[in-house]
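For reference, the structure is listed below as structure tokens.
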Amino acid sequence: MKKPFNHFSALAPKYEAYIKPNLPEKLLSLINLPIQGRILDAGGGTGRVSQFLRNKSARIVIADQSLPMLREAKRKEGLQPICTDSETLPFPENTFERIMMVDALHHVNHQQQTADELWRVLKPGGRIVIEEPDIRKFGVKLLALAEKIALMRSHFLAPEQIAQLFSSPLASSRFENDGATAWIIIEKRTGC
Ligand SMILES: C[S@@+](CC[C@H](N)C(=O)[O-])C[C@H]1O[C@@H](n2cnc3c(N)ncnc32)[C@H](O)[C@@H]1O
């Protein structure tokens, strides 16, 4: 079967010229670093965001389905790129202390499957931070329309809906927002 056009693979060499890398201060405060263990940047693309976390964790793995995006990540020292769909992550359960997903959840094909996989590979006591455009805001509704017109197959969820993807009794979630951006923070309690 013919694969659908991948916008990110086409844009990869110029991606950071359009979407500039900036110190992700809010994300850094929410993800709560430094830690000894591993961070997963799911849908991490070129490493535009996770490059700022390099001296704050033992290991940063970028999991993305676009090889051209990962080629750009590979140029950045200290990032370990892995080509995979976020719906089927090639890691054992309880692998990562921290997981981040920035501006990618609305692009994946199966959001519930992706959430289930993020949860599976998160260690007990660990934390997931998902950053998304806040679809409750008018400007983001326009962005969603533009992405529809560009045939990007995006599907935006409100922060409450994202939190509901993590339904385990061990999950505790909260969200914050600032302007057009929302952060959903999910913690995996250690149980008794
Ligand atoms: C808007 S980019 C964000 C990249 C990076 N997180 C950032 O903020 O610069 C979305 C990324 O999600 C990736 N992506 C989309 N669907 C995916 C999936 N099902 N599994 C893994 N990566 C996916 C794309 O290849 C792309 O690199």
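Residue numbers (the working numbering): -11 to 180.
Glycine included, each C-beta is placed from N, C-alpha and C at the ideal position.
Whole-Å CB distance - residue i paired with residue j, under 8 Å assumed
{"i": "I48", "j": "R42", "result": "6 Å"}
{"i": "L15", "j": "M89", "result": "The Cβ separation is near 10 Å, so there is no contact."}
{"i": "L131", "j": "P147", "result": "The pair is not a contact, with the Cβ atoms about 16 Å apart (cut-off 8 Å)."}
{"i": "R36", "j": "P9", "result": "5 Å"}
{"i": "K44", "j": "G114", "result": "Not really, about 15 Å apart at Cβ, beyond 8 Å."}
{"i": "F40", "j": "L11", "result": "6 Å"}
{"i": "I19", "j": "R86", "result": "6 Å"}
{"i": "F84", "j": "L110", "result": "6 Å"}
Where residue i sits in the DSSP three-state scheme
{"i": "P112", "result": "strand"}
{"i": "R124", "result": "coil"}
{"i": "L153", "result": "coil"}
{"i": "S38", "result": "helix"}
{"i": "L28", "result": "strand"}
{"i": "R59", "result": "helix"}
{"i": "I23", "result": "coil"}
{"i": "I87", "result": "strand"}
{"i": "I137", "result": "helix"}
{"i": "N188", "result": "In this structure the chain extends from -11 to 180, so residue 188 is not present and cannot be described."}
{"i": "T76", "result": "coil"}
{"i": "L93", "result": "helix"}
{"i": "A146", "result": "coil"}
{"i": "L16", "result": "helix"}
{"i": "E105", "result": "helix"}
{"i": "K64", "result": "coil"}
{"i": "H98", "result": "coil"}
Residues near residue i in its chain [Cβ-Cβ closer than 8 Å; skip 5 each side]
{"i": "S(-3)", "result": "S54, L55, P56, M57"}
{"i": "M140", "result": "H(-5), H95"}
Beta-bridge pairing of residue i - partner residues as DSSP gives them
{"i": "P69", "result": "I50"}
{"i": "N165", "result": "A170"}
{"i": "E175", "result": "R115, S160"}
Spatial neighbours of residue i in its chain, beta-carbon cut-off 7 Å, leaving aside the 5 residues before and after
{"i": "N97", "result": "E75"}
{"i": "Q24", "result": "A46"}
{"i": "D166", "result": "K14"}
{"i": "Q101", "result": "E75"}
{"i": "S161", "result": "A151, F154, I172, I173, I174"}
Same chain, Cβ closer than 6 Å to residue i, neighbours up to 5 away in sequence not counted
{"i": "A0", "result": "P56, M57, E60"}
{"i": "D29", "result": "S38, I50, M88"}
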